[in-house]
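Heads up: the structure comes next, in structure tokens.
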Amino acid sequence: MERDIKALVKQLTIEEKVGLCGGEDWWRLRAVERLGVPSVMVSDGPHGLRKQNDKADHLGVNDSIKAVCFPSACATASSFDEELLYKLGEALGEECQAENVSVILGPAINIKRSPLCGRNFEYMSEDPFLAGKSAAAFIKGVQSKNVGTSLKHFAVNNQEFFRTTVDSVVDERTLREIYLAAFEIAVKEAQPWTVMCSYNKLNGIHASEHQWLLTKVLRDEWGFKGYVVSDWFAVSDRPAALNAGLDLEMPYSGGHNDEALLEAVKDGRVSEAALDAAVERILTKVFEYADNRIKAEFNLDAHHAIAAEIEKESAVLLKNEGSPDNGLLPLKKDQKIVFIGAYAAKPRFQGGGSSHINAYKVTSALEAVKARGVDVAYVEGFPADKDVDDPSALKAAVEAAKQADVAVVFAGLPDAFESEGYDRDHMRLPDCQNTVIAAVAEAQPNVVVVLHNGSPVEAPWIGGVKSVLELYLGGQAVGEAAVALLFGEANPSGKLAETFPLRLEDNPSYENFPGDGKTAQYREGVFVGYRYYDYRKMDALFPFGHGLSYTSFKYGNLKVEKSAVDFITGGETLKVTVDITNTGKVAGKETVQLYVEDKTGAAIRPIRELKGFDKVSLAPSETKQAVFTLDKRSFSWYNVELGDWYCETGDYKIVIGASSRDLRLSATVKVTSHVNPPFHVDWNTTIDALLKDPRTRGLTLELSDKRFGNGPAPEGIASKWAERGYLEATMRNLYMVMGVPYEEVEKIIEAFNKLL
Ligand code: BGC
């Protein structure tokens, strides 16, 4: 049904229009009954439906409807699987349709700047390409069911400490390359119905009032078509927010902000045209939902099974000593196995706060193993919810480990250790858990550690255990997935979407996270996550992109479509393929990663950056191609002078890896850019700059011998200094130091500028 939203907006009174730009209550938008505008509902998200009927609150104190808790984003991003994220989105879209929810508030894709951010479990990655692609797939899945998403939290909300007032101070290149890039990909590829602005300030301005962010970048540059909604209570100055591009304020402000907006429209501080545009954007999505309701079946058990499938594809096998098909994992059913740790019986499967789902059931590993008729012993070892030493529980764990062939320790972070609302104090597991793992590893050579956590942990016991399986916060079916993976019914195929540093102090944001409560200085710039560890050649506990399998893969036959690529229109692409063969005994999936290295030296850039990934599924001995398509953006960095993405003409290396530190194949391509950053020659322009620009290089070389003094170093001056002196000489120096007549230098400058 085609609706004329513009005509509808014309019929609304100013009061009605102002009303439509604010919430009716905690979760509902306002209706205008006389014109048939319905009141639609939005709900959290993102890894399940948190629909609260009465007594709404966003801290999760009051219950929401019984629903399915899917794995959190920390897990699902590790699947590196866009189809899987689409499937998750579809399931959520169906639930929303069944429950009459117009928008699910997610995905959340803030970059994991520090392992300490309390909300990292809800976020996807330290890498914007991966986060953006994963979010786009999720959004497309949800929206295929005619339900909207809310891409959040826009932008640069990477900590919980004073999240509503902190000022994130970030330079533009870092913003564009790291903190905005994931949003850009998701908006351009998937057009979320809504974008949720964050609480914090960005470079001194509240995100909710940030015109550059909400209008110039989001709408004008990226072409966002939906409405911008505030994070809950994120609006400070309502008229300023509307002028900046914030359409809908949520939740109900108590009326004060409606009055402020009405007054501002009446006295002209907010134009009626701006108000109309906001209302039009909101109503377009309200009716896109209301006019396209679909009958959705919402079967809890079927979705529980999907949650288990997703977790199986997302968990990451971090360590498995021995060859891939002869490690401690998978376990054999006839082994004498003991499960140790409270999470075996009571898994931690989701994080706390607004994303908290009222899971209709939870499957623990103990239940899942029993359902298979496999006999395992169980001792608690340590509690699930606190950090307390219990010598008798420790002793029982050690005794049980001694009696067994294999000890599997179910460890993780208690709820209180990570949550929305506050950041973590440290990167450790509870001490009581580390003590038990170390003691068990002393007593038993065959130890597996299974982790339930939303963000990296240190592993002081790593040398003493043979295997580590990272489940992250795996949703309500986590125990089912864990057992399937432990016993080899499913083959692990997740790869880390973030680096596990050896020590917290290694993290690039360490000095500046979370800041003083007023500002958070993003001084590490673009060197976030592996971009930093690689640049500094630092070891990590587990690198970005790492993940093992019960089979092995051979990489070969790297083909780059052409050895040179000319970006004339900017729309040219480059196809890269590589053959992957399953060389082991069982079926498995491999996530092949493509990184690009800029060898031009034009800018200070990370050594390599992820620009493609492809997950291939292979039967034993089977070979398939992993396929990647690169474009201009794959080679580019954000050039602030140009105000655009830019790649220098020169050589770039394409590197194919099984992780960011397990690089298998590479090829070099020559890129020609055809774009020059703005350049104007004046008295302070250096010879170095003239040599670097292809347009002025020729004349510079011509003049070098004659006029620029590029001769042999005089006595007493090292040749290196002479060389630097030549490169760093300015036009002014020609006249003042080298004795070229003033008028001649003027003419030289003019000649150069004619070339530009
Ligand atoms: C959170 C959002 C959430 C909203 C509604 C806020 O506190 O930051 O992620 O969607 O509450 O519950």
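Going by the numbering used here, the sequence shown opens with residue 476, and the numbers climb by one from there. Think of the CB as a built atom: it goes at the ideal place given N, C-alpha and C, for glycine as much as any other residue.
- Residue burial annotation: W1196 is exposed, with fewer than 16 other C-beta atoms found within 10 angstroms of its C-beta.
- Ranking E945, L677, K691, D776 by CA distance to the CA of E788 puts E945 first.
- At least 8 angstroms separates the beta-carbon of A611 from that of M599.
- In this structure the segment 815-835 touches the segment 592-607; the number of beta carbon pairs closer than 8 angstroms is three or more.
- Excluding its 5 nearest sequence neighbours in each direction, T994 has C-beta neighbours in its own chain below 6 angstroms: D642, V644, listed in chain order.
- Taking the CA atoms as reference points, D1054 sits about 34 angstroms from H522.
- In the DSSP secondary-structure assignment, D1041 is bridged to T1147.
- For the pair A957 and W936, the CB atoms are not nearer than the 8 angstroms cut-off.
- Sequence-distant Cβ neighbours of V849 in its own chain, meaning closer than 6 angstroms and more than five residues away, are K808.
- Here D1014 is exposed. Its C-beta has fewer than 16 other C-beta atoms within 10 Å.
- According to the DSSP secondary-structure assignment, N774 is paired through a beta bridge with no residue.
- In the displayed model, M671 falls within a strand according to three-state DSSP.
- Counting only residues of its own chain and dropping the five nearest sequence neighbours on each side, V670 has a CB closer than 6 angstroms to the CB of L626, F629, V703.
- If you draw a straight line from the Cα of E1047 to the Cα of F1103, it comes to about 14 angstroms.
- If you check the C-beta of W707 against ligand 1, you find a heavy atom less than 7 angstroms away.
- Comparing alpha carbon positions, the residue from A817, E724, V911, R998 closest to L650 is R998.
- As DSSP reads the structure, Y702 sits in a beta bridge with T669.
- For the beta strand (DSSP E) assignment, the uninterrupted runs of no fewer than 3 residues enclosed by the segment 909-946 are, from N- to C-terminal side, 922-927, 942-945.
- Contact between F824 and L948 holds, since their C-beta atoms are separated by about 6 angstroms, short of 8 angstroms.
- Distance from the CA of A916 to the CA of E558, rounded to the nearest whole angstrom, comes to 39 angstroms.
- Judged by DSSP secondary structure, S1109 falls within the alpha helix (DSSP H) whose first and last residues are 1107-1110.
- Non-local C-beta neighbours of V617 in its own chain, meaning closer than 8 angstroms and more than five positions away in sequence, comprise G564, E565, L567, G568, C571, I579, G623, T624, ordered along the chain.
- The residue among R899, A1142, G950 with its C-alpha nearest the C-alpha of S1038 is A1142.
- As a beta-bridge residue in DSSP terms, M516 pairs with R503.
- Ranked by Cα distance from N632, the first of D898, E842, E747, D865 is D898.
- Taken from the Cβ of A610, every heavy atom of ligand 1 lies 7 angstroms or farther away.
- Comparing alpha-carbon positions, the option among A548, S619, K794 lying closest to A771 turns out to be S619.
- Nearest in C-alpha terms to L1202, of all of V1215, Q486, T1175, K1222, is T1175.
- In the displayed model, W1120 falls within a strand according to three-state DSSP.
- The residues F1028, I1055, V1091, in chain order, have a CB closer than 6 angstroms to that of E1065 in the same chain once the five nearest residues on each side in sequence are set aside.
- If you look at Q1068, you'll find it in the beta strand (DSSP E) that goes 1063-1073.
- DSSP lists F1028 as the beta-bridge partner residues of N1057.
- L1049 carries a strand assignment under DSSP once its states are collapsed to helix, strand and coil.
- Looking at the backbone, the Cα of Q878 and that of L888 are separated by about 27 angstroms.
- Residue range 603-618 is occupied by the alpha helix (DSSP H) that includes S609.
- Looking only at L904, D776, N528, L1165, the smallest Cα-Cα distance to F545 is reached by D776.
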